[in-house]
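Participant: What follows is a structure written as structure tokens; I'll ask about it next.
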Ligand SMILES: Nc1ncnc2c1ncn2[C@@H]1O[C@H](COP(=O)(O)OP(=O)(O)O)[C@@H](O)[C@H]1O
Ligand SMILES: [Mg+2]
Ligand SMILES: [Zn+2]
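Residue numbers (the numbering used here): 55 to 600.
What follows is the structure, encoded as structure tokens:
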């Protein structure tokens, strides 16, 4: 069996460690000046070069070439280390040797002089896995190291290392390697191995590796093993199970065109295709981030690691969306990515994100929308329909309850509003929303958070769901409607009836509707979609949270 590509391509010299110049340059200087520390801690994500650099340092310490040319990779010591047969280089995997006995054994032997080189070098990988007593034993060794011993500790989780140990080490943080540097390194490997690869394929590999060079090289290896003449973008996407850029751009296109049914169909198709919704969601966020950058900076150079076609799409979308809408969409899809856990109704967070993103940030009662002006003008954040009545002097509005009973008022006329109750619901929306979540689950909560406007009279509460037939439907379902009505009544301290409405402005007719209106009716493609594609399960508020 041939050696894995990432092993064959292990960096052998400081020059070959990509993207960690801040570490390698400092180590070189220390070697040149004979100031190599007794103990180092290399921290950072996996596959970024910690072990490789530790071995390069070990070679350099024992290399017989002149200081400024170490490691030479030619002398017997360098060759022995490269071939993994150097006795004075001891590598310990703390993940599997984490007991105090393992470290005691190390301590007992550390005093013996090196047999070949000048230094005995210990590389302790995944050092955060050591047990408490093992750390104590290690600390004793680090406090009084024999002059011929050097320690290199490596970890992906530096916060788990005791401060006493940290204080004995010089620390280097390895960073995630930028995508363009990974691409360049992959290109180098492809050329040296006499393979062919599309530039965009390498970009896709680099991006999916998220700064981890090992993953990038492994994926490239896998692509080579396909045996095709040229590694193509399509192959990479296939291997990654990644949704095509087309689907991602398509969703953002639906967002820009405010085409909810189209977007929902696209999500449904992904589910049917068995695509990874999580991956999709992340890519949507990344795409939207590109759109956002273009809106802010108008500089396509910011996105020069993306395919030209994608950048052109983003530019067009940047024109059609406005910046606040894009920012809100980025937030909503990031949240959805965190909520997507698969299992029951796996696509719901994604669907809600789409719907809410199309509708834009909730004007009211947005959690956190406690602008100072809103406190003095309760209706300030409300759209016009309610702003008008609520803008009346408070006394007049307060007398609303009495006016409601007035025989002069005709049925169908607007009912007097209760600004205090509106204000209460708006200011304490988070609290209300949390109660809903407790009693009805996160889906009902999320649906309620799409409400665009509220109106409250002494007898009823109207919630306007914008053009979101999907969430309107969800709340209007009899069982959920009853639950939400009960919670609202509790919350306001008096029995109220709940009206779910479409449109951006909640209106309270004086006559109280027993059942919520359905302005969209069954004809709305969204309602049809909600019924047919999502089924009754979606609207069952008593289900456990997602
Ligand atoms: N910074 C880097 N530059 C070049 N190759 C790297 C780099 N980091 C990792 N690699 C590749 O990944 C493999 C594993 O790297 P390694 O040094 O063991 O990472 P770590 O110890 O940080 O997990 C190496 O053999 C090499 O092929
Ligand atoms: Mg390692
Ligand atoms: Zn050498």
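Built from N, CA and C at the ideal position, the CB exists for glycine as well.
Everything numeric in this text was worked out from a predicted model, so none of it was measured.
#1: By Cβ distance below 7 angstroms, which residues in the same chain neighbour residue 185 in space, the five residues on each side in sequence not counted?
#2: Can you confirm whether residue 336, when its beta carbon is compared against all beta carbons of chain B, has any partner nearer than 8 angstroms?
#3: Starting from residue 147 and walking both ways along the alpha helix (DSSP H), at which residues does that stretch end?
#4: How long is the line joining the alpha carbons of residue 121 and residue 276, rounded to whole angstroms?
#5: So which of 386, 528, 553, 136 has the shortest CA-CA distance to residue 539?
#6: Is residue 377 buried or exposed, if buried means 16 or more other CB atoms sit within 10 Å of its CB?
#7: Determine contact between the segment 205-221 and the segment 99-118, defined as no fewer than three beta-carbon pairs at a distance below 8 angstroms.
#8: So residue 176 is in the alpha helix (DSSP H); what residue range does that whole segment cover?
#9: Considering only heavy atoms of ligand 2, list every residue whose Cβ is less than 7 angstroms from one of them, following chain order.
#10: Using alpha carbons as the reference points, say which of 125, 239, 248, 96 lies closest to residue 182.
#11: Is it a yes or a no for the segment 338-353 touching the segment 295-314, going by three-plus beta-carbon pairs under 8 angstroms?
#12: Is residue 138 a contact residue of ligand 1, with contact defined as CB to any heavy atom under 7 angstroms?
#13: By the DSSP assignment, the alpha helix (DSSP H) with residue 218 in it spans what residues?
#14: How many angstroms separate the CA atom of residue 514 from the CA atom of residue 475?
#15: Taking only three categories from DSSP, how would you classify residue 275?
#16: State the DSSP-derived secondary structure class of residue 284, mapped to helix, strand or coil.
#17: Who are the near neighbours of residue 567 in its chain, counting only those whose CB is closer than 6 angstroms to its CB and skipping five residues on each side?
#18: By the three-class DSSP mapping on this structure, what secondary structure does residue 133 have?
#19: Please classify residue 477: is it buried, with 16 or more other beta-carbons within 10 angstroms of its beta-carbon, or exposed?
#20: If residue 115 sits next to residue 175, beta carbons under 8 angstroms apart, how far is it from one beta carbon to the other, in whole angstroms?
#21: Indicate whether the contact test is met: 3 or more Cβ pairs, each with one atom in the segment 247-254 and one in the segment 210-219, closer than 8 angstroms.
#22: Quick check on the DSSP output: the alpha helix (DSSP H) that includes residue 494 runs from which residue to which?
#23: For the alpha helix (DSSP H) containing residue 56, name the first residue and the last one.
#24: Have a look at 64, 81, 85 and flag the residue whose alpha-carbon is nearest the alpha-carbon of residue 138.
#25: For the alpha helix (DSSP H) that contains residue 335, what are its first and last residues?
#26: Is there contact here, the segment 258-266 with the segment 82-101, by at least three beta-carbon pairs under 8 angstroms?
#27: Is the beta carbon of residue 531 closer than 8 angstroms to that of residue 519?
#28: Sorry if obvious, but does the Cβ on residue 65 come closer than 7 angstroms to a heavy atom of ligand 3?
#29: Using only the heavy atoms of ligand 3, determine whether one of them is closer than 7 angstroms to the beta carbon of residue 266.
#30: By how many angstroms is the C-alpha of residue 502 removed from the C-alpha of residue 193?
#31: Mapping DSSP to helix, strand and coil, what is residue 680?
#32: What do you reckon, is the C-beta of residue 125 under 7 angstroms from a heavy atom of ligand 3?
#33: Pairs of beta-carbons, one from the segment 65-73 and one from the segment 163-170, closer than 8 angstroms: are there three or more?
#34: Short of 6 angstroms in beta carbon distance, which residues of its chain neighbour residue 140, apart from the five on each side in sequence? Order them along the chain.
#35: Just to check, is the beta-carbon of residue 128 closer than 7 angstroms to a non-hydrogen atom of ligand 3?
Facilitator: Taking the geometry as given:
#1: The residue you call residue 185 lines up with position 131 of the chain shown. If we look at residue 185 and ignore the five residues flanking it on each side, its Cβ neighbours are 152, 153, 154.
#2: Any reference to chain B falls outside this structure, which holds one protein chain only.
#3: The residue you call residue 147 lines up with position 93 of the chain shown. Note, residue 147: premise wrong, no alpha helix (DSSP H); beta strand (DSSP E) at 143-147.
#4: Here residue 121 is taken as the residue at index 67 of the chain shown, counted from 1. Here residue 276 is taken as the residue at index 222 of the chain shown, counted from 1. Near 39 angstroms, if we compare the C-alpha coordinates of residue 276 and residue 121.
#5: Taking the chain shown and counting its residues from 1, the one referred to as residue 539 is at position 485. Closest by alpha carbon: 553.
#6: Within the chain shown, the letter at position 323 stands for residue 377. Per the 10 Å Cβ criterion, exposed.
#7: yes
#8: The sequence position of residue 176 within the chain shown is 122, counting from 1. From DSSP, residue 176 is part of no alpha helix (DSSP H) but of the beta strand (DSSP E) over 174-179.
#9: 100, 104, 105, 179, 208
#10: The residue you call residue 182 lines up with position 128 of the chain shown. Among 125, 239, 248, 96, the Cα nearest to that of residue 182 is on 96.
#11: yes
#12: For the purposes of this step, residue 138 is taken as the residue at position 84 of the chain shown. No - ligand 1 has no heavy atom lying nearer than 7 angstroms to the Cβ of residue 138.
#13: Taking the first residue of the chain shown as position 1, residue 218 is located at position 164. 217-220 is the span of the alpha helix (DSSP H), which, as asked, contains residue 218.
#14: Along the chain shown, one-based indexing puts residue 514 at 460. Along the chain shown, one-based indexing puts residue 475 at 421. Taking the straight line from one Cα to the other gives about 11 angstroms.
#15: Residue numbering aside, residue 275 sits at position 221 when the chain shown is read from its first letter. Helix.
#16: For the purposes of this step, residue 284 is taken as the residue at position 230 of the chain shown. The answer is strand: DSSP assigns residue 284 an E or B state.
#17: For the purposes of this step, residue 567 is taken as the residue at position 513 of the chain shown. Only weak support exists for where residue 567 lies, its pLDDT of 32 falling under 50; the value from the coordinates is given anyway. Answer for residue 567: 553, listed in chain order.
#18: The residue you call residue 133 lines up with position 79 of the chain shown. Helix, per DSSP.
#19: For this step, residue 477 is matched to residue 423 along the chain shown. When all chains shown are included, residue 477 counts as buried.
#20: Here the question's residue 115 lines up with position 61 in the chain shown. Here the question's residue 175 lines up with position 121 in the chain shown. Sure, about 6 angstroms apart at Cβ, within 8 angstroms.
#21: no
#22: Here residue 494 refers to the residue found at position 440 when the chain shown is read from its first residue. Per DSSP, residue 494 belongs to the alpha helix (DSSP H) from 483-494.
#23: On the chain shown, residue 56 is found 2 positions in, with the first residue counted as 1. Careful: residue 56 lies outside any alpha helix (DSSP H) and carries neither H nor E.
#24: As a working note, residue 138 is residue 84 in the chain shown. Closest option to residue 138, Cα to Cα, is 64.
#25: Taking the first residue of the chain shown as 1, we reach residue 335 at position 281. Unbroken alpha helix (DSSP H) run through residue 335: 331-351.
#26: yes
#27: The residue given as residue 519 occupies position 465 in the chain shown. The residue given as residue 531 occupies position 477 in the chain shown. It is not a contact, given that the beta carbons lie outside the stated cut-off.
#28: Position 11 of the chain shown, counted from the first residue, corresponds to residue 65. Checking every heavy atom of ligand 3 against the Cβ of residue 65, none is found closer than 7 angstroms.
#29: For the purposes of this step, residue 266 is taken as the residue at position 212 of the chain shown. Residue 266: no, Cβ never under 7 angstroms from ligand 3.
#30: Mapped onto the chain shown, residue 193 falls at position 139. Mapped onto the chain shown, residue 502 falls at position 448. Approximately 56 angstroms between the Cα atoms of the pair.
#31: It is not possible to answer for residue 680, since the shown part of the chain is limited to 55 through 600.
#32: Translated into the one-based positions of the chain shown, residue 125 becomes position 71. Residue 125: yes, Cβ under 7 angstroms from ligand 3.
#33: no
#34: Position 86 of the chain shown holds residue 140. The residues are 134.
#35: The residue labelled residue 128 in the question sits at position 74 within the chain shown. Residue 128 Cβ: within cutoff of ligand 3.
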